[in-house]
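So the protein lines, in turn, are chains A and B. Just so you know, the first sequence maps onto residues 42 to 232 in my numbering. Just so you know, the second sequence maps onto residues 4 to 194 in my numbering. Cβ coordinates follow ideal geometry from the N, Cα and C atoms, glycine included. Here the structure is a predicted model, which means the values were calculated and not measured.
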Amino acid sequence: MNGKKLGWLYGGLLLGSVLAIAMIVIKPVGASTQFVILDGIIWDSISPIVSETTQTTTGYTSENSYLAKNEGAYAKKVANPFSYSLIFAISIAFGGLLSRYTMGPKITQEEKSTPTVWMNRFGKGSSYKRYIMTFTGGLLILFGSRLASGCTSGHMMSGMMQTSVSGYFFAFGVFLTAVPTSILFYMKKEK
Amino acid sequence: MTTTILAILLGTAFGFAIHRVGASNPSGIINMLRLQDMHLMRVILFAIAISSTMIFTAMAFDMVDLSHLTIKSMTWGVIVGGMVFGLGWGVAGYCPGTAACAVSEGRKDARFFILGAMIGSFFYMIGFDFVKDTFLVDTLFGGQAILADVTPKNETAIVSVLPALVTAIIIAAIFTTVAYFLPSSKKPESL
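This is how it looks when you write it as structure tokens:
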């Protein structure tokens, strides 16, 4: 059975309801912070980076100034990884699977290495180039997200939902560079 | 325990919605950014409109703990970070949340994105000492600025002449109108 993606009306209704329910029940959704927590967990398992202290309100601190900021808020999450937000982020992957196996949009074998838009521009057999570019993209996106303190979910969706000024400015900054970048990068060569 | 169950349920629902609207497919994101197919833009705008109306209605009837409101600080880093994010987004077509869905549906390029994302956030962690002494952390609009006037919180309200719910509904109406009139792709098979 071949599934289909939802149209904008029902799709927006579904996504919007999830955003609202999350905020009403516990807190607005967000994803990018969890990469910091994940890095912190790996770092801490190689060489201890977070420690308990009586100096901060959270009871945790870190030698790394980013993990130690805001009274050791991130340090606490690294020390207690099974907090709400990390489980939330991991569950996103399960949700995607659930949709896929309940008549959600299907993916072709070819698309598993490179999306159609990439194949149309760079041809088949260019998947290693695509891997390098998604790696670089991921690097820029998370560096940018941390600089901005949020990403598409935390700033653009949850932020603008709450009429947060920072959400609007984040969206402005993103589209300012993303639109010309993708137009130029995926522009077909003149035949 | 309750928090863990909520994290699983809400994370799964969020991932389900991301996948079902087609946002885990980078072609959808990239074709939106190339202004070829506005499907995802319509979904996001309508999702913000719906969720905003829902949470501000709930807040107007005292059905939400106002401590759930999470207004991120408006800094120069939000704009600059957004622009760095946009460079990566325009090429990769993944965001931190959608990449988690993409990995679970078997997209190999998304695995490289996740790897890059972990390194990007690591660079930010070790570079934070430098960033925190620059203009990037300087606040604008009084920091935690919000358009709708949610009085019991001490954020800076921009639109203080209207009740919060009215401001939210006006914005939601504008977003819905734009979503309604934006064109989706004329040739859906191009995705």
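If only uninterrupted alpha helix (DSSP H) runs of at least 4 residues are considered, those enclosed by the region 165-223 of chain A are 168-189, 199-202.
Within the same chain, and ignoring the five residues on either side of S163 of chain B in sequence, the residues whose Cβ sits closer than 6 Å to its Cβ are D152.
In this model, S132 of chain A and S140 of chain A are separated by some 12 Å (Cα to Cα). Taking a cut-off of 8 Å for Cβ pairs, the region 191-200 of chain A and the region 126-137 of chain B do not touch, as fewer than three such pairs fall below it. In the displayed model, S103 of chain A falls within a strand according to three-state DSSP. Across the set A:S58, A:N161, A:M64, A:R162, the C-alpha of A:M64 shows the shortest separation from the C-alpha of M66 of chain B. Note on N28 of chain B: 16 or more other CB atoms within 10 angstroms of its CB, so buried under the neighbour-count rule. Taking G191 of chain A as the centre and dropping the five residues before and after it, the same chain places the C-beta of G71, S73, G200, F211 closer than 7 Å to its C-beta, in chain order.
If the five residues before and after S207 of chain A are omitted, its C-beta is found closer than 7 Å to the C-beta atoms of H196, G200, all from its own chain and listed in chain order. Scanning the region 113-186 of chain B from its first residue to its last, the whole alpha helix (DSSP H) runs of 4-plus residues come out as 167-184. The residue from B:N34, B:A20, B:S70, B:M128 with its alpha-carbon nearest to that of Y227 of chain A is B:N34. In summary, N161 of chain A is exposed, with fewer than 16 beta-carbon neighbours lying within 10 Å of its beta-carbon over all protein chains present.
Cα atoms of I62 of chain A and F17 of chain B: separation of roughly 10 Å, rounded to the nearest angstrom. Contacts between V164 of chain B and chain A, judged by CB atoms closer than 8 Å, are missing: the closest CB pair is about 14 Å apart. Here G81 of chain A carries a helix assignment [DSSP, helix/strand/coil]. The region 118-127 of chain A makes contact with the region 4-19 of chain B: 3 or more CB pairs, one atom from each, lie closer than 8 Å.
The beta-bridge partner set that DSSP reports for S92 of chain A consists of A:T102. In summary, the residues of the region 10-36 of chain B whose CB is separated from some CB of chain A by less than 7 Å are A10, I11, L13, G14, T15, A16, F17, G18, F19, A20, I21, H22, R23, V24, G25, S27, N28, P29, S30, I33, N34, L36, in the order they occur in the chain. Fully enclosed beta strand (DSSP E) runs of no fewer than 3 residues are not present anywhere in the region 4-77 of chain B. Nearest to P221 of chain A by alpha-carbon distance, out of B:R37, B:I74, B:F184, is B:R37. With a threshold of 16 other beta carbon atoms within 10 Å, D112 of chain B meets it and is buried. Think of a sphere of 9 Å around the beta carbon of K153 of chain A: the chain B residues whose beta carbon falls inside it are E108, G109, R110, K111, D112, in chain order. Residue contact with chain A for S188 of chain B: absent (no Cβ-Cβ distance below 8 Å to any residue of chain A). Annotation: G166 of chain A to A171 of chain B spans about 48 Å, alpha carbon to alpha carbon. Bounds of the alpha helix (DSSP H) holding T101 of chain B are 99-107. V94 of chain B sits buried, since 16 or more C-beta atoms from the chains shown fall within 10 Å of its C-beta. When the five nearest sequence neighbours on each side are left out, the beta carbons in the same chain lying within less than 6 Å of the beta carbon of L183 of chain A are those of F76, in order along the chain. Listed along chain B is no residue with a C-beta nearer than 8 Å to that of D85 of chain A; the closest approach is about 12 Å. Assigned with DSSP and collapsed to three states, G44 of chain A falls in strand.
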